[in-house]
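Novice: Numbering-wise, numbering that gives the first Met the number 0 puts 154 at position 155 of the sequence shown, and it's gapless, one number per residue. All residues carry an ideal CB built from backbone N, CA and C; glycine is no exception. This is the structure, below, for whatever I ask next.
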Amino acid sequence: MPRLSVIIPTYKEAKNISPLYEKLKAVLVNLDWELVFVDDHSPDLTYRTVGELCAQDKRVRLVHRIHRKGLSSATIEGMLSVTSEFIAVMDADMQHDEAVLPKMLQQLTDNPGTDIVIGSRYTDGGSTGEWSALRKLVSKTGTALTGFFGVRATTDPMSGFFMLRASFLEKIAPNLSGIGFKILLDIIMSAGKNIKTAEVPYTFKKRVHGESKLGIDTILDLGFLLADKRFGALLPLRFLLFILVGGIGMLIHLGIMYALEQFYGHRFFADNQLIAGTVTIAFNYLLDNLITFKENRRRGAAFFFGLIKFYLVCAIGLLGNVLISVSIYNYEFHWVLAAMAGAFYGGFVNFSLSRILIWKDR
């Protein structure tokens with residue numbers, strides 16, 4: 000049984016695997032170690048490159064995931080697959096400084112009370128390297144946001160480079176959300192105030208091969224994770240996203256209704272509701288594809304075929320929307336109340352059907 004397992008989640012990192020392996024083999028030369036690559040079925044066949052390494056070195060293992068996506072969930076799956084005493088996590092892009100891994104291990108062995116050692120870019124001696132001003136701003140903003148939610152256990156909660164005790168992981172694993180990219184933040188918030196942390200400074204290196212995964216999804220996932228950690232015990236995250244998208248859709252619907260009511264008048268209420276509902280369906284599709292069902296997001300041609308299918312599915316909800324709103328309006332309720340009632344019914348039906356027929360696991 001190895002003493003240290005290094006978990007490396009991968010997606011489209013084929014060119015980085017061999018050089019990373021050589022670097023880790025050199026720096027861990029005096030340790031009893033294993034590498035566990037967790038790949039989400041990369042289109043560049045990263046898993047095959049790792050498989051070739053597995054055949055050469057029995058200390059290298061591969062967890063090949065199908066129809067499961069996400070850095071955090073991949074990392075959790077990798078960590079729970081090992082039997083070692085200590086577990087390190089780092090990215091495959093070689094931007095984390097592998098040379099500090101022995102220092103992290105030394106911190107844990109010398110300090111039995113420490114649960115986790117974090118590679119920090121913001122503690123004394125650490126650096127973000129050649130980051131642009133924009134990326135620094137995004138990182139600092141994310142760090143400040145986590146502080147607002149009470150995360151104070153580290154100077155770098157957005158780090159993806161750390162080492163922890165397997166015994167500590169076992170305690171907190173049932174509380175992990177596995178959402179998005181920020182697994183360290185998930186760990187810290189799951190552990191609560193009793194977590195004992197230490198930090199090792201490192202300089203963030205420049206990526207050589209592949210492309211950065213930083214984008215709008217990273218920002219969205221951070222918000223989803225924080226929401227889940229603070230409110231998930233009361234309301235499921237999927238329901239919170241449904242409320243968010245539904246609220247935006249309702250505002251769009253009422254805005255269109257108001258414009259039509261001003262232009263055509265109340266005599267054409269049913270027609271106005273039908274037009275507003277039809278236009279709002281397109282906005283809801285965009286938002287659901289971007290936010291609510293992002294893990295099964297449709298892209299390219301699949302996006303447009305999905306939109307057509309979405310309209311066909313939503314025809315049921317749209318019909319109910321118009322019938323209910325007209326019925327309420329005919330009882331002389333205000334048009335806003337009637338429009339909202341119809342839109343709410345249509346939105347609920349559309350969400351229920353689309354999660355099964357449009358964004359099911361593909």
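Quick check on DSSP: helix, strand or coil for Arg361?
Specialist: In this prediction, Arg361 scores a pLDDT of 49, lower than 50, which makes its location untrustworthy; the coordinate-derived value is nonetheless stated afterwards. In this structure, Arg361 counts as coil in the three-state DSSP scheme.
Novice: For the 8 Å Cβ check, are there 3 or more pairs between the stretch 73-83 and the stretch 55-64?
Specialist: Flag = yes, the stretch 73-83 and the stretch 55-64 touch.
Novice: Going by alpha carbons, who is nearest to Pro241 out of Ile290, Val199, Ala281 and Tyr263?
Specialist: Looking at the sequence itself, residue 241 is Phe, so the reference to Pro does not match. Among Ile290, Val199, Ala281 and Tyr263, the Cα nearest to that of Phe241 belongs to Ile290.
Novice: I'd like to confirm the pairing. Which residues does DSSP put opposite Asp38 in its beta bridges?
Specialist: DSSP, once it has assigned bridges, lists Thr9 and His63 as partnering Asp38.
Novice: Can the beta-carbon of Ala342 be found less than 9 Å from the beta-carbon of Ile327?
Specialist: No, they are not a contact pair.
Novice: Let me know if Asn15 comes out buried or exposed under the rule of 16 or more other beta-carbons within 10 Å of its beta-carbon.
Specialist: Classification for Asn15: buried.
Novice: By how many angstroms is the C-alpha of Phe302 removed from the C-alpha of Ile171?
Specialist: C-alpha separation (whole angstroms): 38 Å.
Novice: Evaluate contact between the stretch 120-127 and the stretch 180-188, counting only Cβ atoms and requiring at least three cross-stretch pairs below 8 Å.
Specialist: Not touching, per the Cβ criterion.
Novice: Can you confirm whether the stretch 98-108 touches the stretch 190-206 when touching is taken to mean that 3 or more C-beta pairs between the two stretches lie within less than 8 Å?
Specialist: With a cut-off of 8 Å, the stretch 98-108 and the stretch 190-206 count as touching, because enough Cβ pairs lie within range.
Novice: Measuring CB to CB, does Ala87 end up less than 9 Å from Thr45?
Specialist: In this structure, Thr45 does not lie closer than 9 Å to Ala87 by Cβ.
Novice: Please classify Lys195 as buried or exposed, where buried requires at least 16 neighbouring CB atoms within 10 angstroms.
Specialist: When all chains shown are included, Lys195 counts as exposed.
Novice: Cβ of Leu30 within 9 Å of Cβ of Leu3?
Specialist: In contact: Leu30 and Leu3 (Cβ atoms closer than 9 Å).
Novice: Keeping to the same chain, check which residues put their C-beta closer than 8 Å to that of His95; ignore five residues upstream and five downstream.
Specialist: The residues are Met89, Gly118, Gly159, Phe160, Tyr201, Phe203 and Lys204.
Novice: Below 6 Å CB to CB, which residues in the same chain sit around Asp38 once its five sequence neighbours on both sides are set aside?
Specialist: Only Thr9, Thr45, Tyr46 and His63 meet the Cβ criterion.
Novice: Would you call Asn320 buried or exposed, if buried means 16 or more other Cβ atoms sit within 10 Å of its Cβ?
Specialist: It counts as buried.
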